[in-house]
Each structure stands twice: as C-alpha cells, then as structure tokens.
Amino acid sequence: MKKSQKRVGFIVLVVILAGTMTTLIDVHGATSFYGNVKDDFDDPVIGASIILADCYFTILDYDTTDGSGDYSFSVTLNGNSPYFLSAGKEGYDSDTKVVTSGEYNFELEIAEKIAVFFW
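Residue 78 in our numbering sits at position 46 of the sequence shown, and the numbers go up by one each step.
In structure tokens form, the structure reads like this:
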C-alpha cells in the first residue's frame, strides 16, 4: 500500500471516529422520559411498548402506553452514551429516537400487510 493510500485511510478513520464521538451524550442522575404515541390517523396507540436502551442495547427501563397513548418513567443514567428510546406495537412500524431526557412523542404508522387468499 502506498504512503498516500495509508494517509487517506487514516484520515477517513479519524473522521469516522470523530463523527461517532459527537453522538456521545453526557447524562448523569435521575432523568425523566414522557410523551405520547399516536398512529398516523392521530389516534392514541394503546399498549405500545416504550423501551429505553443504551448503545450496548441494554434495556434501562420501559413502559407501556395507557388508554390515552401516554407513557412516563424515570431512570438513573450514569455515563456518556447515546441513549435510544423506541416505541412499537404489533401491527405498527416501530420508531426509535436518540434521546437525553424530557418529552418525546411518537407517530407510528400502521404496518402494511398483504393478505393472500387461495380458492
């Protein structure tokens, strides 16, 4: 490999790592998450699962939406990590957001299903 190719490869690696490092979120202590989940017709999605996970896909906390599509929970976060909040329910496409704390609302689209009938 030529010296110029090594230099370009190193620069690309540094840029990738620098971009990855900027996604780290410094969150420590008790943090609250709350919000609402609706479908694409603006109706509440009752019984949707809300899951908070870290960058290692460790589930830190979860909740289920109530009759109004609302959820809320508090969790203690310790460290620099991207945190992900996901909403999903069977029959809907799920959604995930990178979060720190506070209010996060979701709009889930009804999953397209294809029915095949044989006679």
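In this text, a Cβ means the ideal position worked out from N, Cα and C, and glycines have one as well.
Cβ-based burial, residue i [other Cβ within 10 Å; buried from 16]
| i | result |
| --- | --- |
| Gly-134 | exposed |
| Lys-129 | exposed |
| Lys-145 | exposed |
| Tyr-88 | exposed |
| Gly-99 | exposed |
CA-to-CA distance, residue j to residue i, given in whole angstroms
| i | j | result |
| --- | --- | --- |
| Ser-64 | Ser-81 | 16 angstroms |
| Val-77 | Val-69 | 6 angstroms |
| Tyr-66 | Phe-105 | 7 angstroms |
| Tyr-136 | Phe-150 | 44 angstroms |
| Thr-97 | Gly-111 | 27 angstroms |
| Leu-84 | Asp-93 | 5 angstroms |
| Ala-143 | Thr-90 | 26 angstroms |
| Asp-102 | Ala-119 | 11 angstroms |
| Asp-127 | Asp-75 | 16 angstroms |
Cβ separation of residue i and residue j, assumed to be a contact under 8 angstroms, to the nearest whole Å
| i | j | result |
| --- | --- | --- |
| Leu-117 | Val-131 | 5 angstroms |
| Asp-86 | Tyr-124 | Contact doesn't hold; Cβ gap of about 24 angstroms is too wide. |
| Gly-79 | Lys-121 | 6 angstroms |
CB contact flag (residue i, residue j, <9 angstroms)
| i | j | result |
| --- | --- | --- |
| Glu-139 | Asp-95 | no |
Secondary structure of residue i, DSSP reduced to three states
| i | result |
| --- | --- |
| Lys-129 | strand |
| Ala-62 | strand |
| Val-77 | coil |
| Gly-99 | coil |
| Lys-70 | strand |
| Thr-108 | strand |
| Tyr-136 | coil |
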